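Protein chains: 4
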Amino acid sequence: MLRYLTSGESHGKCMLTIVDGMPAGLVIDRAKIDAELSRRMQGYGRGKRMKLEADKVDILSGLRKSKTIGSPIAIMVKNIDHSIDRLPAVLEPRPGHADLTGILKHDLKDVRDVLERASARDTVARVAAGALAKILLGEFGIKIISHVTTIGTVEAETKGVEFSQIAMKAEKSPVRCADLAAAALMIKEIDKARSEGDTLGGIFKVLIKGVPPGLGSYAQWDRRIDGILAKAIMSIQAIKGVSFGMGFDVGSGRGSAVHDEIFYERTKGFFRKTNNAGGIEGGMTNGEEIVIQAVMKPISTLKKPLSTIGIRTKKRILASVERSDVCAVPAAAVIGEAVSAIEIANAMLEKFGGDSILEMRRNYKGYIEQVRKF
Amino acid sequence: MLRYLTSGESHGKCMLTIVDGMPAGLVIDRAKIDAELSRRMQGYGRGKRMKLEADKVDILSGLRKSKTIGSPIAIMVKNIDHSIDRLPAVLEPRPGHADLTGILKHDLKDVRDVLERASARDTVARVAAGALAKILLGEFGIKIISHVTTIGTVEAETKGVEFSQIAMKAEKSPVRCADLAAAALMIKEIDKARSEGDTLGGIFKVLIKGVPPGLGSYAQWDRRIDGILAKAIMSIQAIKGVSFGMGFDVGSGRGSAVHDEIFYERTKGFFRKTNNAGGIEGGMTNGEEIVIQAVMKPISTLKKPLSTIGIRTKKRILASVERSDVCAVPAAAVIGEAVSAIEIANAMLEKFGGDSILEMRRNYKGYIEQVRKF
Amino acid sequence: MLRYLTSGESHGKCMLTIVDGMPAGLVIDRAKIDAELSRRMQGYGRGKRMKLEADKVDILSGLRKSKTIGSPIAIMVKNIDHSIDRLPAVLEPRPGHADLTGILKHDLKDVRDVLERASARDTVARVAAGALAKILLGEFGIKIISHVTTIGTVEAETKGVEFSQIAMKAEKSPVRCADLAAAALMIKEIDKARSEGDTLGGIFKVLIKGVPPGLGSYAQWDRRIDGILAKAIMSIQAIKGVSFGMGFDVGSGRGSAVHDEIFYERTKGFFRKTNNAGGIEGGMTNGEEIVIQAVMKPISTLKKPLSTIGIRTKKRILASVERSDVCAVPAAAVIGEAVSAIEIANAMLEKFGGDSILEMRRNYKGYIEQVRKF
Amino acid sequence: MLRYLTSGESHGKCMLTIVDGMPAGLVIDRAKIDAELSRRMQGYGRGKRMKLEADKVDILSGLRKSKTIGSPIAIMVKNIDHSIDRLPAVLEPRPGHADLTGILKHDLKDVRDVLERASARDTVARVAAGALAKILLGEFGIKIISHVTTIGTVEAETKGVEFSQIAMKAEKSPVRCADLAAAALMIKEIDKARSEGDTLGGIFKVLIKGVPPGLGSYAQWDRRIDGILAKAIMSIQAIKGVSFGMGFDVGSGRGSAVHDEIFYERTKGFFRKTNNAGGIEGGMTNGEEIVIQAVMKPISTLKKPLSTIGIRTKKRILASVERSDVCAVPAAAVIGEAVSAIEIANAMLEKFGGDSILEMRRNYKGYIEQVRKF
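Residue numbers (the working numbering), protein chains in the order written: chain A, 234 to 607; chain B, 234 to 607; chain C, 234 to 607; chain D, 234 to 607.
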C-alpha cells in the first residue's frame, strides 16, 4: 500500500510529505523529483511568486545510497519566504477560497491562519510524492503525461495526435498545449485577462500509457479505480470537474457508437481500436490508455478584487489580494499527473505486492504472461 | 464514522449492506427505505427486469423497536430470480462492461462470474444505505434531491427554478426531468433508441440543501469533501464524469464572473447571492446548496449487440445479451442522491460526533450558533 | 486486502458478516465453516444457550457453484430466538459488561439495547469470517490451532508437546486442553464454580504453523504484525491481555537466554532451534511458529449476581441475570484462531496480491524460492 | 480523526512525524515536547548513545504564532550522527531483531538497510506526536503517567499508592520505579547485567486518569478501545505483551471477585470502588483510571553477542554489535504513555469532533453533563 500525508504552509518553513510503502531496491534520482517540481512551476500566466520559488527537494529519510530500502520516504521543499508568524492578519475573505468557511469551521480570527494551508502551494508536496510514484511506474513502462486543452474560451484540437507527440509538444509549450495555434491564442487570452486584473481557468488532460488490465475492482464501490482517481484529481485546489474518456460528451452518444469493441490478435492479446472509455471499464483499467480530463476554475485571487465582508466589521469591503497568478492550468496538469501516478502506483502495489522491486517485477511478469496466455 | 460494505450478485440470493456508525435513537421507518428503492426502479427506459423486481428491504440487524441503538445496520433485499448457479456460462464479453477485464484479472473462465457482481444491481444496497443516511440528515433539515438534465441529445432548461419546484417536478416526471417540454422529447428519444436496439446515457444533477458550512477540510488532500463526493459518485456503474457547480463550463469563465461574492446580514450571517461554486470552496461545504453533475454513458448491454471476441475461441462474435435497459439515467440520479447522502452523513458525524442523536443534535446546534455569532 | 464488518444482535434475526477481498477460484466447503461454528459452541462450562444454538451458515453472496469469484462474501447465521423487540427492558447494568457505559454513551434507557450487540454472540460472525481465512491459508499449508492452558487456578503443562499432538489432544478435550490431567482438574474447577453460582476465566494459546517470513513490517508502526494481531485478539469479548512467545515471562529473562539464535542449513535455509519470540521479530513473522497467548476474564454474567445500581431508581440492586456460561475459555480459543486467521490472511494478500488463487500461489512460490536462494 | 505517519533512520538526517487532525486554537509549547523527548532518553541502563542525543524538536509546520490552526503538524528531530551512507555493511543479523527477516523480505544484501529503520530510534517521532496528544488531552484534564514495575527479576510493590504519588516517585527514579527499595535492586540488577555483557527487560504500566466514559465502542470489533490501545502499545519495539487492569492474573480469579461493582452518588454519578477492569469494559472506557501493563523483552543487541549466520558466507559467526543499552524499560514506559495518548486523543476527537478547541470543549461539556444527569 502506498499512502502519503503532506504538511506545510505557504509561508511556513517548508512543504513536506511522508510517503509510506515504496518497495525496496529502487534507485531514486533526486534530479527527477526536482524536474517535476520545476515542471509544476512553469506555465505562462504564473505570477512573480513562481520566480521566487526555485523548489529543490531535500530527501529527509527513506533512502540509503540513493536507493529505497522499504522505509517511508520524507521529502521536504523549503519555502524561501518563511514569514508566517510576521505576516499581517487578513480580515477580508476572498470569494472562491477556503477563507471564509475555514475561519468559521476552525474558530479562527485571521484568514491567514486558513489560507496558508489551503494554498495550492501544498501541491509541491503532492508533486514530490508523485515523482516517486512515477519512478516506480517507470520500472513497468508506465508513462504519465498531460496537456492543456482549453484556457478560457480557447480550445485546442488534438484529435488523432499520438501520445508521444502530445507529450513532446505540450512539454515545449509555455501553456502546456499540444496545439501550437491554440497555444498562441491562449497566451493572448492570458495577457488580456492580466491586463484587466482578471483570471482564467481551463481544462487539462492526463494520459497514462502502459497500465496493465485489472487495476481497481468492481467488487466493492470504494475499490473502483475511476472513483479513486476522481478523488485524487478533485482534491487538487480549484478543480471543479473530472471525467474519463469522452467525458461529459459520452452522455449524448448512442451505446452502439460509444462502447469500444473488443479485438484479439495472437501477439497482442485482447485490444481495442477505439478508446472512448478512457482506459477504464467496470471500475478497472482495461489495458488501454487512461484518459482523464479535469476542469480548473479561474484563480480565485484577483488583482481587481471581488466584493466581500470584513470579518470583524461585517461591512462590505474588497477582498484581500495575495500575490497570485492569472492562470495556472498548465501547473494543474502537472499536479494531475502526480496525483494520478500515486494512485496507479498504489493499485500496482496492491495487485503485485511490493516489498522489493525484484518481487514486484516478478509478480507483474507472471500476471502479464497469465493475461497473454488467457 | 459512517462506513459501509455491500455484497450480492444480481442473480444471487440477495443484495446486502452493512452500515456501521449510525447514532442511536433514530427512528427508522422501513417504508422510507422501500420508497427509495422504488424510486431507483422507476424511469422511462427501464427494461422488463425492473418489473420483476419489487424490491423490499429486510432489516436484519441494528434496530430495536424500529430505533437505531448504535449497532451496525444490515439491510437485505432478496433477488426474486436466484439462479446464479444454474445460469449458463457467458463466453462473449460485452464492450463497456467489466466482463473482459474481470475474467483476466481474476483468472475466471466464465464472464458470468464477473457480470453478476459488476452489475448495477449492487446499487440496490447503496440506495438502501443511502436511505438510512437521508433519515439521519433529515434530522438536521438537510434535503437531497436529483433531476435529469440531459438524456441523449435532449437538454432540459431549469435555470432559475427553485429547489422545491425541481424536486416536485422531477419526482412526477417519468424521466426525472424538471422541464416538461424536454421530458417529452427525452421520452421520444428513448423510444427511438429502443426501436433501434440502441441505448442512451445522459446527465443528472444532485442538489443538497441545508448543509452547514465546514464539512470536509482543506488540511489534508484526502479529507476534501469534493474529492470524497467525486469518488462516491464516480463509483456508480456507468458514470464517466462528475463536477460541482458550473461544472466544466467554469473553465471558460473569468474569475471576476465566476466566484461567488460574500454578503452578510445580521439574521442570516454570511451568505452568497450566486452559487457558481456549487456549495463547495476549499474542499469544504460553504453553507450554500451543493450542486453535483454527473454524466452516465449509454447502457453497455445492447439488444443489437456489439462485436467482441469469444473468450475460448478467440474468434469475432457478437457480445452476449443480458436483459437490460435502454436508458437508466433517472435511476442513476436516485443512486447519486444515495451515495451523496452517505458521504454528507459521514462528514456530519465526523464534525459533530454521533453516539446518539441527542448528542449529535446538541453539538450541531452549538456549532450553528457559533457560526451565527462569529 | 481482506476486510470485514459484522452485524447482528444476540436475539435479533441473525449474525452476519461481509468479507471483502477474497481471491477468486477458491473452493468453499460450507461444512468447514459450520465445523468452525460447532467448535466455537463446544467446551465444558457453557450454558443452556449453547444447546439452543445449532449454528449453520447461510452463504448469501460471493460464491458461484461453491467457488469464490472475487466478490465479497456474506455469511449469515440465523438466531433461533429472535425476540429482541419483545424481550423486557433491562434496568440493572451488570458489572464487567458494556451495559452501563453503553447506555451512557448512546443515551439509551434500556440496557438491553446495549447488551444485544455487545454480546459475545457476535463472535459467530468473526468465526465464520475466520473460517474463510483458514480455507485460504490452507492453500499455503498454514495451519492454525489453539489450546487452553489455564482455567481458573489450574494450569496445563505442554512444554515439549508437538504442534500436531497439541492439536489432536485439545480437539478431543472438553476444555480444549492438551494436558489430560490438567483437563480433569479444570472440569472439577468448573463444576465447583457452577455450584457456587460463580464464573471462571483462563488463558489460551493460538499456534500458527507454516507462515512465511516477512508478513507485517517494521517500516511503519501500524503495519507491525504483532500490533495487528494484538488488536484482533484484544477485541474479542472478555480478553484482557495478549502476548507473544514467552509472553510476560520474557521480562524476567536475560537477553543472552531469550533471543533465538540463527542457524542455517542448505535444505532448510535460515531457521531457529528455539522460539522464545513466538514467531515474530521486528514486527514481522520470522518463519517460525507464531505463538499467541491471551487471557480471558471470568464471565461477567453471574448466576449469583453482583451488586449494581438501577438506572432509573439510582438505588443499589442486584445485577440482571442473562442466561450465561460458567466458563468460555475453550470457545475463546477457537475465536482467537479465527481472528488471527483473518489477519494472517490479510497480510498474505498484502504481500502476494490476490485477485485469483492462481496468481497468489504463483507470487507466493516466487517469494519462497527467493528466500530459499538468498 | 488524529492520524500520524513517522519516518527516519537512526543514522539518517532526522526522525520525523506528520500528525494530521489536531484541532485549531491550541497553544503548543515546544518545551513540553522537548521535555517528553528528554524523559524518553533517561533511565539507568541506557548506553553511550543516549548521551550523544540531546533531542530537540523542530516544528516544521502546522503552527502559527505557537498555536494550532487546524493544519497537519510536522515535527522533526535531527540526528547528530548522520552517517547512514558511510556506515559499513552489516552482514551478521542479530537474533531478536528485524535484521534477518528484513533483508529476506525486502531483498536487501546489507542488514544495515533494515536496522536503520527498525531501530527504536523511531520512537522519538512517536513520542513527539504523543506530546501533542498530551497537550490536547490536558485541555480536558486527562493525565497520562507511567512507571516501571519489574526489571529482570526485581518486582516493585505499588499496591495502594495513589496516581499522583506514583507519578512523582517514578519521575524522580532513575529506573522510573515508584518503589524506592525495588528501584535500588533494579539498579543493581542492571549493573550486574552490564558487567556480564548481558541485557534486561521488564514490565511497565501506563495509567490514564480523567478519561470520560464511552470512548471506543462494542459495536464493531475494530472500534474497541482496548484493541486499539493494544495495537499501539504492541507496536513499540521489543514489546511482547500487553494487558489491562489485572492483566494475566484475571484468568485465575472468580467472576464474583473480579468484576467491579457499580455505585452511584448524586454528585459523582456512577462510579466504582475497585478497578480490576483497568478502566475498560465492553471495548469502551468506563470513566475509571485506564491501567495498561506491557512487557518488554531484554534488549536484543548484546555486548557479548549471540551466535548467528553470516548472510554472505552462510557460516556461523557472532552477531553484529551496535552500540546499545543494557535496559530500556524506563524509556519504553514513556513511549507507552505517548502512543496511548495519541489513541485516547483520537477517540476523544471521534466522539467530540474537533475543528477547534472551542468546539471540542463545548461538545465535551455537553456530554459530561448528559452523563451526569442520566
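For glycine and all other residues, C-beta sits at the position ideal for the given N, C-alpha and C. On a predicted model such as this, the values are computed, not experimentally measured, just so you know.
For residue i, the residue or residues it bridges with in DSSP
{"i": "A307/B", "result": "I251/B, S294/B"}
{"i": "I302/A", "result": "According to DSSP, which records beta bridges pairwise, I302/A is partnered with nothing at all."}
{"i": "L551/C", "result": "S540/C"}
{"i": "C410/B", "result": "DSSP lists no partner for C410/B."}
{"i": "Q526/B", "result": "K438/B, S476/B"}
{"i": "E576/C", "result": "Beta-bridge pairing links E576/C to no other residue."}
Cutoff 8 angstroms: residue i Cβ touching any chain D Cβ
{"i": "L591/A", "result": "yes"}
{"i": "R359/C", "result": "yes"}
{"i": "A463/C", "result": "yes"}
{"i": "A614/A", "result": "The requested residue 614/A does not occur in the structure, where chain A is confined to residues 234 to 607."}
{"i": "G488/C", "result": "yes"}
CB contact below 8 angstroms: residue i versus chain A
{"i": "T391/B", "result": "no"}
Exposure label - residue i; buried when at least 16 CB within 10 Å
{"i": "G419/C", "result": "One point to set straight first is that residue 419/C is Met, not Gly, in the sequence displayed. Classification of M419/C: buried, given that the 10 Å Cβ count is 16 or more."}
{"i": "V260/C", "result": "exposed"}
{"i": "D459/B", "result": "buried"}
{"i": "M234/A", "result": "exposed"}
{"i": "G586/A", "result": "buried"}
{"i": "M581/B", "result": "buried"}
{"i": "T546/B", "result": "exposed"}
{"i": "L635/C", "result": "The structure shown does not extend to residue 635/C, since chain C is modelled only from 234 through 607, so no value can be given for it."}
{"i": "Q470/C", "result": "buried"}
{"i": "G198/B", "result": "Outside the displayed span of chain B (234 to 607) sits residue 198/B, for which this structure offers no information."}
{"i": "T507/B", "result": "exposed"}
{"i": "D291/C", "result": "exposed"}
Distance between residue j and residue i (C-alpha atoms, nearest Å)
{"i": "K501/C", "j": "D314/B", "result": "54 angstroms"}
{"i": "D431/A", "j": "V524/B", "result": "25 angstroms"}
{"i": "V347/A", "j": "I423/D", "result": "52 angstroms"}
{"i": "G434/C", "j": "Q275/D", "result": "39 angstroms"}
{"i": "S589/D", "j": "V439/C", "result": "45 angstroms"}
{"i": "F504/A", "j": "A389/A", "result": "28 angstroms"}
{"i": "V444/D", "j": "I550/C", "result": "26 angstroms"}
{"i": "V567/C", "j": "T382/C", "result": "13 angstroms"}
{"i": "D318/C", "j": "G245/A", "result": "58 angstroms"}
{"i": "T239/A", "j": "T250/A", "result": "4 angstroms"}
{"i": "R605/A", "j": "P305/C", "result": "27 angstroms"}
Minimum Cβ-Cβ distance from residue i to chain B less than 8 angstroms
{"i": "G447/D", "result": "yes"}
{"i": "Y600/D", "result": "yes"}
{"i": "D459/D", "result": "no"}
{"i": "E422/A", "result": "no"}
Cβ of residue i within 8 angstroms of any chain C Cβ
{"i": "S294/A", "result": "no"}
Contact test: residue i Cβ vs the ligand NAD heavy atom, cutoff 7 angstroms
{"i": "Q526/C", "result": "With respect to small molecules bound, the structure shown includes none, and the ligand NAD cannot be examined in it."}
request  = Indicate whether the contact test is met: 3 or more Cβ pairs, each with one atom in the region 536-547 of chain D and one in the region 324-334 of chain D, closer than 8 angstroms.
outcome  = yes
query = Any chance the region 353-360 of chain B sits against the region 326-341 of chain B, with 3 or more Cβ pairs inside 8 angstroms?
reply = no
query = Are the region 284-300 of chain B and the region 261-273 of chain B touching by the rule of at least three beta carbon pairs closer than 8 angstroms?
reply = yes
request  = Pair every Cβ in the region 358-372 of chain C with every Cβ in the region 477-496 of chain C, then say whether three or more of these pairs are closer than 8 angstroms.
outcome  = no
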